[in-house]
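As structure tokens, the structure follows; a few thoughts come after it.
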Amino acid sequence: MVKKWLRTLLFQKRASPCNDPAYRYDQFCSSNSDGACAPRYKFGCVRISDGSGCYCDDTCTVGCPPPPTTPPPPSCIGRGAYCDAIFKLKRTMKKTFEYDDKLPSLPLPTLEHTLERYLDSVRAVVNDDEYVRTKKIVEQFAKGIGRELHEQLKADIEKHQARNWLAKWWDEEIYLKWRLPIAPTINMMGFSCLLPPKVDSQLTRACIHIYACALVFETIYEERYPISYMGKYPLTMYQFKHFFNTCRIPHKECDELVSSFRTVSEDIQTPPTHIVIIRNGHLFTFNLYESKKLLTPPEILQKLDDIIKQSDQNPGLGLGALTALPRDEWAEIRDHLCQINEQNRINFQIIEQALLVYALDNDNPENLTELARIGMLKNPQSRWFDRSNVYIVTRNGFIVANDEHSAYEGIVPTQIGDHIQNHIDSLEKINSWPILSDPNNKIIVQELLFIYDSHVFNVINRAITLFHQSADNIEIIVINVNQCTKEDIKQYIHIHPDTFFQLCLQLAYFKLHGNKPASTYETASTRRFYRGRTETVRTCTSEVVAWCRAMTNLNNQLTEIEKRKLFLIAANRHQELMFEASENQGCDRHLFGLSMIAYITGKSFELANDSSWIKSGGNGNFILSTSCIGFTITVGGTAPMCLNGYGVFYRLGSDAITFTVTAYRNCSDTNAQAFADSIERTLIEIKTSFIQSNL
């Protein structure tokens, strides 16, 4: 009954022009809004593939809101409320950031638990002699300096009453103190899998996308955006404040993340509402609002058309390429530009405080791999990599985003992208628009002109060269596997789809790389805690290695039943580790905290001197850097963590599993295309084996 009612509700919503995200019912469902179910509930709740809601599965154990005995009436009651039932739910909805200061503090694991999990991960990737040596080192660490560091960390947390003992260290040490370029190796790339290419559709799709994105901005500004939940637990939403009006500012030694975004309850004055458009190396700006009214898509289209006419006359300076420089060098040249002329400083402020930044590219990608390259590896002169988000629109209407990682985790642009698509679906049904917000064309398009000297010009050219040298070394492949879907995994294999993908990923690497296991990083969300971000799931376990060996050893005598048992043991272990990590009970964040205390106090962090530290992934040396984007329409990607590694991002859809593989071309040990092919084959083979088996 629950499924039937919510599916009926979903259909009515999608068919209705009244489609305000404030009335969505995602938050009333017992799912992990990051796309995956809370591990403890397994299939307790599943996200609808188009990202517009949830429904409870038959085994839901946490309690969803009781459905009415009959489907709700389909009548709309006004703009924004698409049916009576949703209107009733609206009255109980909380403000977007209402729970943020009420969430529990980020817990600190026990030293014993952390070291046990660390040893478990080491056991999977080293030989017996190495493990014995590492175990002794860990035991000595636990009795000596490790205990001192742990007690010091506990004391510091109590002294400062830190709600999140990790946040400042993580933001600064992992992101803002990074001195190498952030593009193309650190920033994230993502795009929706929905819209097919269409010749010369750039401006029409761009204006609709800008309009829809502004509608999402309004819901967050007015705190009507739905809260994300993990099971029954609300999640921190603070990262959503960094999507709009937010930019990373370069400084010597440590950058700064600056946001001009404020909600309606935080500041009477609205955030800046101008937008920046980058085209052919030129930078333009105009206001999206006139007298507090959002410009209509036809009006936005008019502004974009003006920009095309102005920018295509000759190439612009391409100043955005400077954001791809090493951070200290970029800080120097930015200061130099500000000293040359006051207008340069004002222009920087306009770019950094803008509501949104869009780039209008000339490329015509023919497939998702080409689109991913545009989002991650091309056209630095028409980007601003410091911005939390830059949407790139191609000539044939594809839209791909480049996101700066210190601002938020990938789930933020993913969820916002789903909401944008919901608005676009509704806007396509509108045949005419109301009276123009800007009937007299008062809003003008202004080009941001910088005063520069020969030194700046030379540095821009060098920045472009450096970017292309780095980008040319990265191989990226996007694969769409419609022979294996989220629904297939549920129906035939009966484990969480993310667990299935992770096990297949291990087997694919194992077969391709001479039966070697790979230290693996999978992102787990800790957003149910105050300002939580992530913890690492070390998914290469002894259990999954045992299954991989059984699947690749042609001489073993294991029966299919015994192999299946090993598979289920490995799957159960993955789900246990995912649940622990979501409770901040992994090992990586705690070990990072201990290493920071050691650095601050001048003590030795002995674990890092052991070869097993690097082999198991320490210091950012995970061979496989992976992230499940969720049950969504979006797929993304980023560069590998280490030279001999791979980056793997994946979505688990009802229509297909889509994944991105990245690798460095100058490493002879890796091959992105070969690994992508191995993953695809493994997904299909393992699914097929379950279908054909009577076990």
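Counting from 1, one number per residue, gives the positions in the sequence shown under the UniProt record's numbering.
Virtual Cβ for every residue (Gly too), placed ideally from N, Cα, C.
Predicted model, so just to flag it, every value in this text is computed and none were measured.
- Cβ-Cβ separation between Leu-594 and Leu-149: approximately 4 Å, consistent with a contact (criterion under 8 Å).
- For Glu-256, the uninterrupted beta strand (DSSP E) segment begins and ends at 256-259.
- Distance from Asn-644 to Cys-667 at the Cβ level is roughly 5 Å; contact confirmed, criterion being Cβ atoms closer than 8 Å.
- Sequence-distant partners of Val-357 (beyond 5 residues in either direction) whose C-beta falls short of 6 Å from its own C-beta, in its chain, are Val-276, Trp-384, Arg-387, Val-390.
- Taking one beta carbon from each stretch, the segment 159-177 and the segment 577-593 have 3 or more pairs nearer than 8 Å; the two touch.
- Here Leu-319 is buried, its C-beta having at least 16 other C-beta atoms within 10 Å.
- Taking Ala-508 as the centre and dropping the five residues before and after it, the same chain places the C-beta of Ser-678, Ile-679, Thr-682 closer than 6 Å to its C-beta, in chain order.
- Taking C-beta separations shorter than 6 Å and ignoring five residues to either side along the sequence, the partners of Asn-621 in its chain run Ile-614, Cys-642, following chain order.
- With distances taken between CA atoms, His-113 lies nearest to Leu-577 out of Glu-560, Leu-577, Ile-623.
- As the crow flies, the alpha-carbon of Lys-95 is around 13 Å from that of Glu-266.
- Sorting Glu-685, Thr-660, Ile-684 by C-alpha distance to the C-alpha of Gln-673 places Thr-660 at the top.
- Secondary structure at Leu-360: strand, using DSSP grouped into helix, strand and coil.
- Apart from the 5 residues on each side of it in sequence, Ala-656 sits with its Cβ closer than 7 Å to the Cβ of Asn-480, Val-481, Asn-482, Thr-485 in its chain, given in chain order.
- Phe-500 and Ala-571 have their C-alpha atoms roughly 7 Å apart.
- Shown here for Ile-420: same chain residues with a beta carbon closer than 7 Å to its own, the five before and five after excluded, namely His-209, Ala-212, Cys-213, Val-216 in chain order.
- Secondary structure of Met-93 (DSSP, three-state): coil.
- Boundaries of the alpha helix (DSSP H) around Ile-686: 672-692.
- Here Asn-347 is buried: its Cβ has 16 or more other Cβ atoms, across all protein chains shown, within 10 Å.
- Annotation for Ser-582: the continuous alpha helix (DSSP H) segment containing it runs 560-582.
- With distances taken between CA atoms, Asp-361 lies nearest to Ile-399 out of Arg-179, Tyr-238, Ile-399.
- Under the DSSP assignment, Tyr-492 falls outside any alpha helix (DSSP H); it carries neither an H nor an E label.
- The beta-carbon distance between Ile-451 and Asn-344, rounded to whole angstroms, is 6 Å. This is short enough to meet the 8 Å contact definition.
- For Phe-286 and His-274, the gap between their C-alpha atoms comes out near 5 Å.
- Taken atom to atom, the span from the alpha-carbon of Asp-100 to that of Tyr-238 is near 7 Å.
- Annotation for Asp-328: the continuous alpha helix (DSSP H) segment containing it runs 327-340.
- Look at the beta carbons and you see the segment 448-467 touching the segment 326-343: at least three pairs across the two are nearer than 8 Å.
- Selection Pro-380, Val-125, Lys-168, Ser-625 evaluated against Gly-316 yields Pro-380 as nearest (Cα-Cα).
- By the criterion of a C-beta distance shorter than 8 Å, Gln-446 is surrounded in its chain by Phe-284, Thr-285, Phe-286, once the five residues flanking it on both sides are discounted.
- Within the same chain, Cβ atoms closer than 6 Å to the Cβ of Thr-536 are found at Tyr-521, Gly-586, Asp-588, the five residues on either side in sequence being excluded.
- Asp-403 sits in a strand when the DSSP states are folded into three classes.
- Where Phe-659 is concerned, the enclosing beta strand (DSSP E) starts and stops at 657-664.
- In the DSSP assignment, Ile-278 is bridged to Leu-283, Ala-359.
- Taking Leu-448 as reference, the option from Ile-351, His-468, Arg-531, Asn-245 with the minimal CA-CA separation is Ile-351.
- In this structure, DSSP gives Ser-291 a state outside helix and strand, which the three-state scheme calls coil.
- The beta carbon of Glu-223 sits closer than 8 Å to the beta carbons of Lys-95, Thr-96, Phe-97, Glu-98, Thr-263, Val-264, Ser-265 from its chain, once the five residues preceding and following it are set aside; these are given in chain order.
- Around the Cβ of Ser-604, a 10 Å sphere holds fewer than 16 other Cβ atoms; the residue is exposed.
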